[in-house]
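Worksheet: one structure, shown below.
Numbering (our numbering), first residue to last: 660 to 826.
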């Protein structure tokens with residue numbers, strides 16, 4: 660996110676010790692789409708790309724490490740990501756497998772999706788901001804899977820499948 664990058668620049672310019680956690684994309688975002696899909700049987704969203712969905716529990720544990728183990732994390736961390744990148748078609752497939760019910764991924768044009776969000780009461784500026792996340796994922800912005808989170812935790816990060824199964 661541009662605002663996150665600006666914050667990191669400000670911290671560097673301040674000349675003080677800091678730690679900036681580069682958290683992966685929160686799996687709860689995908690759960691919102693999956694939750695709606697479990698009710699309707701369709702996961703409707705704009706075209707997307709792979710995302711290394713990351714469990715809040717893992718990120719909370721990493722934050723505790725950063726706060727309690729002095730010197731373990733200094734400066735800007737590498738991306739703290741989930742163990743695998745999944746697009747929303749993959750999310751639909753995982754939901755189908757877990758429920759035994761077919762969940763179909765439906766891609767809608769960007770403007771149609773924004774209009775639908777606005778019709779449901781979401782301010783247009785916010786809907787366009789949310790659309791930016793789909794656009795970024797299409798460009799591979801959230802696809803990276805790295806070892807940093809697992810190394811920090813001393814175990815493999817929680818898989819999206821497990822997050823969805825335990826929702």
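Ideal placement from N, C-alpha and C gives every residue a C-beta, glycine not left out.
**Request:** Determine the contact status of residue 740 and residue 805, defining contact as a CB-CB distance below 9 Å.
**Result:** The answer is yes: Cβ separation under 9 Å.
**Request:** Under 8 Å by Cβ, that's how I've got residue 822 and residue 680 pegged, so tell me the actual separation to the nearest angstrom.
**Result:** Not confirmed; about 19 Å, so no contact.
**Request:** Tell me whether the beta-carbon of residue 686 lies closer than 9 Å to the beta-carbon of residue 713.
**Result:** Less than 9 Å separates the beta-carbon of residue 686 from that of residue 713.
**Item:** For residue 682, the residue or residues it bridges with in DSSP
**Value:** Residue 682 pairs with 739.
**Message:** Can you check which of these residues, 717, 698 and 701, is closest to residue 818 by C-alpha distance?
**Reply:** For the options 717, 698 and 701, the alpha carbon positioned closest to that of residue 818 is the one of 717.
**Asked** Quick one: what's got a C-beta closer than 6 Å to residue 796's C-beta in the same chain, skipping five residues either side?
**Response** Hits under 6 Å: 707, 708 and 710.
**Asked** Looking at residue 748 and the ligand GTP, is the gap between the Cβ and the nearest heavy atom below 8 Å?
**Response** Ligands are entirely absent from the displayed structure, and the ligand GTP is therefore not among its contents.
**Unbroken alpha helix (DSSP H) run spanning residue 812, endpoints** = Run containing residue 812: 807 to 812, per the alpha helix (DSSP H) assignment.
**Message:** Quick check on the DSSP output: the beta strand (DSSP E) that includes residue 703 runs from which residue to which?
**Reply:** Boundaries of the beta strand (DSSP E) harbouring residue 703: 701 to 704, taken from the DSSP string.
**6 Å CB neighbourhood of residue 802 in its chain, flanking five on each side removed** = Within the same chain, residue 802 has close Cβ partners 709 and 744.
**Request:** Alpha carbon to alpha carbon, how far is residue 738 from residue 669? Give it in angstroms, no decimals.
**Result:** Rounded to the nearest angstrom, the two C-alpha atoms are 19 Å apart.
**Asked** At which residues does the beta strand (DSSP E) containing residue 765 begin and terminate?
**Response** Boundaries of the beta strand (DSSP E) around residue 765: 763 to 766.
**Neighbourhood of residue 692 by C-beta distance below 8 Å, restricted to the same chain and skipping five residues each side** = Excluding positions up to five away in sequence, the list reads 702, 704, 747 and 750.
**Asked** How close, in whole Å, do the beta carbons of residue 700 and residue 761 come, if the pair is a contact with beta carbons under 8 Å?
**Response** A Cβ-Cβ separation of about 7 Å places residue 700 in contact with residue 761 under the 8 Å criterion.
**Asked** Of the choices 675, 800 and 694, whose alpha-carbon is the least far from that of residue 757?
**Response** The residue with the shortest Cα to Cα distance from residue 757 is 694.
**Unbroken alpha helix (DSSP H) run spanning residue 783, endpoints** = Element bounds for residue 783: 783 to 797.
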